[in-house]
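Using numbering that gives the first Met the number 0, you'd call the opening residue of the sequence shown number 0 and step up by one each time. Built from N, CA and C at the ideal position, the CB exists for glycine as well. As the structure is a prediction and not an experimental result, all values here were calculated from the model. Contents: one structure, followed by commentary.
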Amino acid sequence: MAIDYQERIPNNVDLAENRTLQRALEHWQPEFLSWWKEMGPSDFLEREVYLRTAVSVDAKGWASYGYVQMPDYRWGIFLNEQDANRTIGFGDELGKPAWQQVPGEHRSTLRRLIVTQGDTEPASVEQQRLLGHTAPSLYDLRNLFQVNVEEGRHLWAMVYLLHAYFGRDGREEAEQLLERHSGDRNKPRILGTFNEPISDWLSFFMFTYFTDRDGKFQLKSLAESGFDPLARTCQFMLTEEAHHMFVGDTGIARVIRRSLEVMKELGTDDPQKIRAHGAVDLPTVQRYINFWFSSSLDLFGSESSSNAAAYFATGIKGRPDETKYEDHLALNQSYTLERPDGQGGITNEDVPLRNAMNEVTRGAYVKDCEIGLTRWNRTIQKAGYELKLSLPSTRFRRNIGTWAGITTDPAGKLITAAEFEAKKDSWLPSESDRTHVKSLMKAVTEPGKMAGWVAPPDRGINNNPVEYEYVKLH
Ligand SMILES: [Fe+2]
Ligand SMILES: [Fe+2]
């Protein structure tokens, strides 16, 4: 499964063997590059950035590191190795051979899922395009660009599937993936969250922690797909995706650490004093968590969904880590969902398990999110403070599903819209929070130096020191 870097499009799918497909993708390649130059990171295109590039799909030593100008990054097509005996791991088709071609009856569903996944990849690059100008350090600037080029490669992963398996309409969808833009009035990106600009680094860390993690769980579900090329491409994307969440996890941890340092230095936890000292107070961190966690929850879809049931039944989309379950049919079982009873209370409703697959995946996501919170809270506790950060209830501030439009407090208690309105600014980033965070966004460009609102990372990238010149700006 060596990757051929002699080719114009690096790949491990024997692209040279299929001239038609190769030509089609070589035609799309310059369009991708002009999208990158126009909609990708603003400026910095001529800067040397210390980036990793995939060179193999082996779990060990799959990447190489070196200075690259972003437009010269070798975006390519890398699928995990094929298992010729792979069978479908769940649903009504359980045990039948995995599909190497798209079954006609699933064509439009698979195309829609691939397009929806593919759309989020360039969307996030667009959302983050201005962040380079306010990076808190060269280390962070490099991480931003690493995430950006890999999201670009994830777009390639989906475009390859569209071109290789969906003929003409696949090629048209590939074009449109470059035509929709985040926040565009006429041609927005498909999912709401991906149309919000990410204009400060606290939001970037939250996005990579919470929203990229949604990506992880979507990819995990698709990595189980009976459509083998989709499964294999998602498996390799997950390898790259892990770093994006690392950026978020350690980024938030560093903001917290800096805040604690300032609290200690000043001998106070008064948010105003911490702000005046140029750091982010912990209650503000909590409000950003509330915002990004709740908006990422919406990406999993409705709690009860006949689409989700059909994806599972047909073998199109499994549960994350499907092999961990004993039973892969999920028949004759129910799942208890909570919903508002319309009279100010909450009631339970049993739905067939297959219909609850979105909720099953959301539940796994919530658990995964909690890991970081436990770690961050340990840091706070070690520093001698009582405050505990927490995830809000999954009912809080939802726009999709059972809880859409229902007002609750962060603990999930039902409240009136007026109560919500009155308390909103203590639960979600307020105008003043955003203004403060924005005021901290000033680029620090000297190697090893950090902005005053974020602690340095524990270590650098690829065994290099934190002071390494991760982006050559001069
Ligand atoms: Fe991605
Ligand atoms: Fe990502």
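Review point. Is the closest heavy atom of ligand 2 to the C-beta of E125 under 8 Å?
Key: no
Review point. Which stretch, first to last residue, makes up the alpha helix (DSSP H) that contains Q380?
Key: 356-381
**Study point:** Contact check, F395 vs N306, beta carbons under 9 Å
**Key:** no
Exercise for review: Would you list the one or two residues that DSSP bridges to N10?
Suggested key: D3, I76
Check your understanding: Among P351, M244, S123, E321, which one has its Cα closest to the Cα of S333?
Key -> P351
Practice item. State the start and end residues of the unbroken beta strand (DSSP E) segment that holds V48. Key: 47-53
Exercise for review: Measure the CB-CB distance between L190 and L298 and report whether it falls below 9 Å.
Suggested key: yes
Practice item. Go ahead and pull the three-state DSSP assignment for W98. Key: strand
Check your understanding: What first and last residue would you give for the beta strand (DSSP E) that runs through S63?
Key -> 62-68
Review point. By Cβ distance, which residues of its chain are closer than 7 Å to G343, with the 5 residues on each side in sequence left out?
Key: L413
Practice item. Locate the beta strand (DSSP E) running through Y474, then write down its first and last residues. Key: With the chain represented from 0 up to 473, any question about residue 474 goes unanswered, as that position is not in the structure.
Check your understanding: For ligand 2, any of its heavy atoms closer than 8 Å to the Cβ of T232?
Key -> no
Check your understanding: What is the C-beta distance between E172 and R106, in whole angstroms, given that I count them as a contact (C-beta under 8 Å)?
Key -> That belief does not hold up - the Cβ atoms of E172 and R106 are roughly 12 Å apart, past 8 Å.
Check your understanding: Any idea what DSSP makes of V350, helix, strand or coil?
Key -> strand
Exercise for review: Note down the Cα distance separating K437 from G371, rounded to an integer number of angstroms.
Suggested key: 24 Å
Practice item. Report yes if the CB atom of E195 is closer than 9 Å to the CB atom of S294, and no otherwise. Key: yes
Practice item. Rank P102, V12, E30 by C-alpha distance to the C-alpha of Q81 and give the top, closest one. Key: V12
Point to revise | Through-space distance from T406 to A416, alpha-carbon basis | key: 6 Å
Review point. If L336 and T393 are in contact, beta carbons under 8 Å, what's the gap, nearest whole angstrom?
Key: No, L336 and T393 are not in contact; Cβ-Cβ is about 11 Å, not under 8 Å.
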